[in-house]
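The structure appears right after this line, and notes come after that.
Numbering (UniProt numbering), first residue to last: 1 to 420.
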């Protein structure tokens, strides 16, 4: 049996992160214990944070009740651990054993780190005992720097730091504390995996590897029926993902005003001020949708959007949705950021409202849509012939990501794991 993985990541199942995409494809080959997020910031007294605290407490109470009423261990039994194995459908790969950690959400505070280290070590060791893995030397995988205090506590054979974001640029994070934790983790890690070239440059070259994001090609390329709640009657420019500080809502509002004959569909949780979007009759906020349902939306709108702000986080990012948009073979209109390198011939870029408006119109001409759609587009642009003259046909969107599946990324990862 291959060494087990102990993964410190975000909450399992909360959203389809790159870590979850990769780990799902490793569970058939090795046992995986997934430790839900310890947190990168102190919770505030707002609705979102209080709801999250309640969810954490409820999960912990459920585990405590399960533990309290479990059968007392006998000579050949082990205590039940505060962990759950997620259910799977027939013929699907095994799921990780998930631990909802009992931890104090104060990153960087010395006494809280000491308490969390003892609590987490106890919970993880109990889970290893339950799974009969106490004789195995696990590999620690940290996607969040807050797990650094468990290094050296679990008889691990190696430590991996998977860096998928620039944590020092995330809003709402205690940047000083998290930067110190990340620096300590980078020193202790045996292997650092970075999701973008910009992130690679931040770490020692002798132990850092680029591991770009992949894409679920089958999910996004297999035709799906149109989602019932997509607006009809106009061409659609769409976006899915968290509507957070890194989304340029002012740009979207100004673009929607310039294209009144288009509908703009935004799918995802709202985590920032969207006052600029209110009162726009052609902007539709549909809320979150499950990841597996997204093809029913993206396959049926005309242009996919990446309306990001220009900030440190975006300059270091490698957005999953870019490859998903291309796998769905939809044209892309985007603001400019480094992760577009390698795909620029397939993406229409606009850096302000006028240019982003033009990018959407140009991108729409790449789509194999009906004459009725082109008539709508003609009505929305007084410069139709100028746009048409500037546009060149694109035929390689699907091919551009055909070798970048999550399965291919997992194969690359397994080769790196074999060297540890």
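Yeah, the Cβ is synthetic: ideal placement off N, Cα and C, and Gly gets one too.
Bear in mind that the values here come from a model prediction, so they are computed numbers and not experimental data.
In the pairwise beta carbon analysis, the segment 319–329 is classified as touching the segment 291–306: at least three pairs are separated by under 8 Å.
The residue among 129, 300, 149 and 155 with its C-alpha nearest the C-alpha of residue 222 is 300.
Taking the C-beta atoms as reference points, residue 124 is found no nearer than 7 Å to residue 115. Annotation: residue 9 to residue 262 spans about 39 Å, alpha carbon to alpha carbon. Residue 30 has its alpha-carbon roughly 6 Å from the corresponding atom of residue 4.
If you draw a straight line from the Cα of residue 286 to the Cα of residue 118, it comes to about 43 Å.
Judged by their CB atoms, residue 28 and residue 93 are nearer to each other than the 7 Å cut-off. Around the beta-carbon of residue 411, fewer than 16 other beta-carbon atoms lie within 10 Å, marking it exposed. If you look at residue 27, you'll find it isn't in any alpha helix (DSSP H); DSSP assigns it neither H nor E.
Looking at the backbone, the Cα of residue 235 and that of residue 345 are separated by about 23 Å. Take residue 245, set aside five residues on each side of it, and the residues of its chain with a beta-carbon closer than 6 Å to its own are 171 and 272, in chain order. Contact annotation: residue 267 and residue 289 have beta-carbon atoms nearer than 7 Å. The segment 301–315 makes no contact with the segment 154–161; the number of CB pairs closer than 8 Å stays below 3. Contact between residue 247 and residue 308 holds: their C-beta atoms lie close to 7 Å from each other, under 8 Å. Taken atom to atom, the span from the alpha-carbon of residue 210 to that of residue 199 is near 9 Å. Shown here, residue 97 sits in a strand according to DSSP, grouped into three states. Scanning its chain for C-beta atoms nearer than 6 Å, with the 5 sequence neighbours on each side dropped, one finds around residue 21 the residues 406, in chain order. Under the rule that a run must span 4 or more residues, the alpha helix (DSSP H) segments found entirely inside the segment 136–219 read 175–188 and 197–200.
A buried status is given to residue 143, since no fewer than 16 other beta-carbon atoms sit within 10 Å of its beta-carbon.
A direct Cα-to-Cα measurement between residue 207 and residue 270 gives close to 38 Å. Counting only runs that start and end inside the segment 278–354, the alpha helix (DSSP H) elements of at least 4 residues fall at 295–298, 312–316 and 320–327. A direct Cα-Cα distance of roughly 6 Å separates residue 250 from residue 276.
Following the DSSP letters along the chain, one finds residue 398 inside the alpha helix (DSSP H) bounded by residues 397–400.
Here residue 337 really is in contact with residue 314; their C-beta atoms are around 5 Å apart, less than 8 Å.
Partner residues in the beta bridge of residue 263, as assigned by DSSP, are 236. Residue 414 and residue 351 have their C-alpha atoms spaced approximately 39 Å apart. Nearest to residue 255 by C-alpha distance, out of 33, 332, 169 and 282, is 282. Nearest C-alpha to residue 258 among 192, 356, 265 and 37: 356. Of the residues 165, 187 and 219, the one whose Cα lies closest to the Cα of residue 311 is 165. In the DSSP assignment, residue 5 forms a beta bridge with 32 and 139.
A direct Cα-Cα distance of roughly 18 Å separates residue 112 from residue 35. The three-state reading of DSSP puts residue 405 in strand, counting E and B together. Under the DSSP assignment, residue 115 falls in the alpha helix (DSSP H) whose first and last residues are 110–130. Within 10 angstroms of the beta-carbon of residue 260 lie fewer than 16 other beta-carbons, which makes it exposed. With a cutoff of 7 Å on beta-carbon distance, residue 227 and residue 305 are scored as not near each other.
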